[in-house]
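Numbering (the working numbering), first residue to last: 342 to 677.
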C-alpha cells in the first residue's frame with residue numbers, strides 16, 4: 342500500500358520483475374485530529390486469506406478485494422463503529438481466524454470486532470478499550486487459541502471465536518503510541534513493549550480448564566521499543582531499544598529482563614530471524630546487514646547502503662528473494 346495525494350492505493354507487483362499487475366485506489370483525506378507529519382501511511386500490513394485480500398488505511402477504511410484487485414466489500418471502522426481516531430492514523434493490521442477477519446477498533450463495546458471474511462457482516466464486537474497502533478496476534482495457550490490485543494494501556498487475551506475476555510494485564514504508557522507487535526514463545530511467555538515511558542514487561546499466561554491467568558514475570562522502563570520489531574531466539578530478545586534518544590540494538594534475557602549488551606551499530610532498525618543465530622537487519626537510514634546475534638554480542642557479517650529514504654518497514658524474505666521498502670521505493674534483492 343502507498344499514498345498518492347489524497348488517495349490510498351493498494352498495489353500488486355509481479356514478484357520477479359516488480360511490474361505492476363493492478364492497483365486499487367480510494368479517497369482517504371486525513372481526519373480532524375490526525376497529524377501525519379511523521380509519515381502519511383498507510384501503516385497496516387495487508388492480509389491475504391482464503392483468496393481474498395484485506396487492507397486498512399490510516400483513516401480506518403477496510404477493503405476486501407479479490408486477487409484481481411476488484412472490490413468485494415468495504416467497511417469504515419471509524420465512522421461505522423465509532424473507532425478511536427489516533428493522531429498518527431490507524432495502524433493495526435487485520436488478522437484471520439477461521440472464516441473471520443478480526444480488527445481492533447477501540448471504544449466502548451467494540452474495542453475489537455470480528456467480521457465475516459465473505460461479506461463483512463459483524464460476527465461479534467466486544468470489550469471497552471481504546472485502540473493502539475499494535476497489531477493483534479493469535480497464540481496457543483494450553484490447548485486453546487487466544488487473541489492477544491495490545492490496546493491502549495492494557496494487554497488482553499480474548500476468545501477469538503466470540504470476543505470473551507480470558508485475561509488482561511495493565512500496560513501503562515504516556516499517550517496512545519503503543520506500536521509494537523507482542524512476541525509469544527516457549528514457556529508461555531508474552532513480551533510487550535511501548536515507548537514514551539511505557540517500558541517492557543513479560544507476562545506468563547497459564548490455563549486450567551476455562552480459567553486463565555496473566556502473571557507478570559518482570560517489568561521495567563529501561564527497554565522501550567518505539568515502532569520497530571523484536572525477535573526472540575531461545576531465551577533472548579533482540580531489537581532496537583529507545584525512543585527519543587539513540588536507539589541501541591540490544592539483547593535482553595526473556596526470563597529476567599537483564600540487558601546483556603547494547604550496540605550503536607545501527608540506527609533504529611527492524612530485523613528478520615533467518616535461522617540459527619542469523620538475522621537480517623534493515624535500519625531506518627536504509628542500511629541492510631546480515632549479522633549473527635548471541636548473548637555474547639553482535640557480529641556484523643556484511644552490510645551495505647541499499648535504500649535512500651526513511652525505512653520503517655520490516656524486510657520480507659521469500660525463498661532467496663528479499664523485499665525491502667522505504668518511504669518512496671520498493672526493492673527486491675537476490676540473496677543467493
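Don't be surprised by glycine CBs; every beta carbon is placed ideally from N, CA and C.
Note the first and the last residue of the continuous beta strand (DSSP E) segment covering residue i.
i: residue 614; result: 610-614
i: residue 485; result: 485-492
i: residue 444; result: 441-445
i: residue 663; result: 662-666
i: residue 476; result: Where residue 476 is concerned, there is no enclosing beta strand (DSSP E), given that its DSSP letter is neither H nor E.
i: residue 390; result: 388-390
i: residue 507; result: 506-511
i: residue 415; result: 412-417
i: residue 569; result: First-last for residue 569: undefined, no H or E at that position.
i: residue 555; result: 552-561
i: residue 594; result: 589-594
Is the beta carbon of residue j closer than 8 Å to that of residue i?
i: residue 484; j: residue 447; result: no
i: residue 471; j: residue 455; result: no
i: residue 652; j: residue 643; result: no
i: residue 439; j: residue 453; result: no
i: residue 549; j: residue 566; result: no
i: residue 543; j: residue 498; result: no
i: residue 426; j: residue 374; result: yes
i: residue 588; j: residue 564; result: no
i: residue 574; j: residue 634; result: yes
i: residue 667; j: residue 638; result: no
i: residue 545; j: residue 558; result: yes
i: residue 618; j: residue 596; result: no
Under three-state DSSP, which class holds residue i?
i: residue 650; result: coil
i: residue 617; result: coil
i: residue 402; result: strand
i: residue 676; result: coil
i: residue 524; result: strand
i: residue 366; result: strand
i: residue 436; result: strand
i: residue 533; result: strand
i: residue 429; result: coil
Can you list, in chain order, the residues of its chain whose CB lies under 6 Å from that of residue i, leaving out five sequence neighbours each side?
i: residue 515; result: 537 and 538
i: residue 611; result: 569, 570, 623 and 655
i: residue 511; result: 495
i: residue 528; result: none
i: residue 400; result: 369 and 372
Have a look at the options and flag the residue whose alpha-carbon is nearest the alpha-carbon of residue i.
i: residue 462; options: 472, 443 and 477; result: 443
i: residue 655; options: 385, 381, 563 and 605; result: 385
i: residue 501; options: 478, 492 and 517; result: 478
i: residue 368; options: 402, 464 and 378; result: 402
i: residue 691; options: 509, 482, 487 and 486; result: Absent from the model: residue 691. The displayed extent of the chain is 342 to 677, so no value can be given.
i: residue 362; options: 575, 476, 409 and 506; result: 409
i: residue 387; options: 675, 349 and 507; result: 349
i: residue 552; options: 476, 506 and 596; result: 506
i: residue 674; options: 576, 343, 345 and 357; result: 357
i: residue 522; options: 620, 434, 546 and 621; result: 434
i: residue 445; options: 488, 415, 481 and 602; result: 488
i: residue 460; options: 482, 486, 415 and 421; result: 415
Note down, in chain order, each residue of its chain lying with its Cβ closer than 8 Å to the Cβ of residue i, except the 5 sequence neighbours on either side.
i: residue 391; result: 437, 440 and 458
i: residue 450; result: 466, 467, 468 and 469
i: residue 379; result: 429
i: residue 671; result: 354, 359, 664 and 665
Does the beta carbon of residue i come closer than 8 Å to any beta carbon on chain C?
i: residue 608; result: No chain C is part of this structure, which consists of one protein chain only.
Using a Cβ-Cβ cut-off of 7 Å (strictly less than) and excluding sequence neighbours within five positions of residue i, which residues of its own chain qualify?
i: residue 413; result: 393, 405, 406 and 407
i: residue 432; result: 384, 385, 474 and 520
i: residue 641; result: 606, 630 and 632
i: residue 517; result: 427, 471, 473 and 493
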